[in-house]
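In my numbering, the protein residues as written are 3 to 537.
Note that beta-carbon positions come from the ideal geometry of N, C-alpha and C, so glycine has one too.
Working notes for the structure below.
So this is what it looks like as structure tokens:
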């Protein structure tokens, strides 16, 4: 089986005929360091004491095999705690393990998402549809059947993982299966008849999207809405009860908008929502001013009391459900950590998890985590500063394992946290930076000599500034700006050569500016810059 390299997907353990692991080899295990529990529910695992006396290689191979299986099963337990998967869905054999690993892979998640989106987008192409997007019946029916077959494959993998009995007890999966069955029949009917009909069940396609891994928060909110319905319905029935009573009274004593029971209910609902409610009251008030008592009592009970009571009940119910859910998730994660902890401790050291076994766990739980990050995670968990991680410290696993680690600089300068290239440029003390500047200074000196020998008429200080002077002065100005910004003015000017460079560059720029005021040019001072090569 292929190895997934995603952070939150465990490695698939592949064993060859000799029982050796295809993952990175472990250090030699002590023959007496046996796991407290065997995670061998997936395959036949030899007990470490089974080899004959003196057969050290076989014993070490068996112990290594046991630990590899323990690492993988502990990683699966931790994933079940993170994903809120019930522990009765834990894979119980090799086939269930393979299906579990396939169903908890990002490729599988993307397949679920793309299939659900395809089914939703088909609604744009099916009749009735705008002519630009309309597809033939054969085309969109074939695409729908293809997407539904992919959903069947997804459900079959989940059934292989969960088992038939657990599969049919999972409510959301059974709802998805029933919708799939109905949609499958309708797609076949459309394909056979080659004509579309009214398909109300297309509105149920959103169930496939909601069931995706990436819509977990949507499922959670929908579940909380359904769980909060009973108290909400109680208050809603109370509101409707008073509305019916006032509708009957309005039919008896009011006029125009309350001539029938149906009109009374509709207009009282309009009055409750305060949408254009003066128009509901004005005809009755114009006929009998005492009718205002009816509307004042109605609004006081329905709008200002029961509606606010309804909002309070919904808010309080949501809060209670959220607290219970948070408590349930926390206890579920702690139970998963306890299961994983029992698989990682040894009979000789049952008081904690050593770094070797913690590292083996992370190789399956987060395959892309480097050795340094594994060590830092272990040290962050180990609050007792011992060689073993206790169960109390291991309870913080989910919080610590999600941390991102990076090297911390001394922050001598403000640019220490910039990317490496920008940091080296601003620092300005790298050998390559100095070599490049020395090269520029040398080229400048050679250029000055060449121009001196090529002078005609002896007018070295011409008012027509050569373009080479402007180019080199620009480079020197950029160097001055980078060093001053990176090192700071005080540290930069503390060096004699830096002060010399600053003076020469500054006077050269001032000499060029003097030309604008018809003064004698003194930009030629830049010829002193090659003296820097004496350093």
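Burial state of residue 142 is buried, judged by a 10 Å Cβ sphere holding 16 or more other Cβ atoms. Rounded to the nearest whole angstrom, the CA to CA distance from residue 335 to residue 69 is 22 Å. Judged by beta-carbon spacing, residue 191 lies beyond the 9 Å limit of residue 206, meaning their Cβ atoms are not closer than that value.
For the pair residue 273 and residue 303, the Cα-to-Cα distance works out to about 12 Å.
Between the stretch 80-92 and the stretch 118-130, the count of C-beta pairs closer than 8 Å stays below three; the two stretches do not touch. Taking every protein chain shown into account, the CB of residue 361 has 16 or more other CB atoms within 10 angstroms, so this residue is buried. Look at the beta carbons and you see the stretch 80-89 not touching the stretch 381-398: under three pairs across the two are nearer than 8 Å. For the set 102, 330, 284 and 508, the Cα lying nearest the Cα of residue 159 is the one of 102. Here residue 355 is bridged, per DSSP, to 391. In the three-state reduction of the DSSP assignment, residue 276 falls in the coil class, being assigned neither a helical nor a strand state.
Rounded to the nearest angstrom, the gap between the Cα atoms of residue 83 and residue 75 is 12 Å. Per the Cβ contact rule, the stretch 325-341 is not in contact with the stretch 237-244 (fewer than 3 Cβ pairs under 8 Å).
Where residue 176 is concerned, the enclosing alpha helix (DSSP H) starts and stops at 173-195. A residue is called buried when at least 16 other Cβ atoms come within 10 angstroms of its Cβ; residue 321 does not meet this threshold and is exposed. Restricted to the stretch 88-120, not a single beta strand (DSSP E) segment is unbroken, complete and at least 3 residues in length. Around the beta carbon of residue 355, a 10 Å sphere encloses 16 or more other beta carbons of the protein chains shown; the residue is thus reported as buried. Rounded to whole angstroms, the gap between the alpha carbons of residue 447 and residue 372 is 51 Å. Fewer than three Cβ pairs drawn from the stretch 211-221 and the stretch 290-307 lie within less than 8 Å of each other, which leaves the two stretches out of contact. In the DSSP annotation of this structure, the continuous segment of the alpha helix (DSSP H) that includes residue 210 starts and ends at 208-212. Exclusion of the five residues before and after residue 179 leaves 157 as the residues of its chain whose Cβ lies within less than 7 Å of its Cβ. Under the DSSP assignment, residue 491 falls in the alpha helix (DSSP H) whose first and last residues are 491-495. Between residue 276 and residue 268, the alpha-carbon positions lie close to 13 Å from each other. Between residue 363 and residue 65, the C-beta gap is not smaller than 9 Å, which leaves the two residues out of contact. Contact between residue 266 and residue 288 does not hold, since their C-beta atoms are separated by about 18 Å, which reaches or exceeds 8 Å. The beta-carbon separation of residue 122 and residue 211, rounded to 6 Å, stays under the 8 Å limit for a contact.
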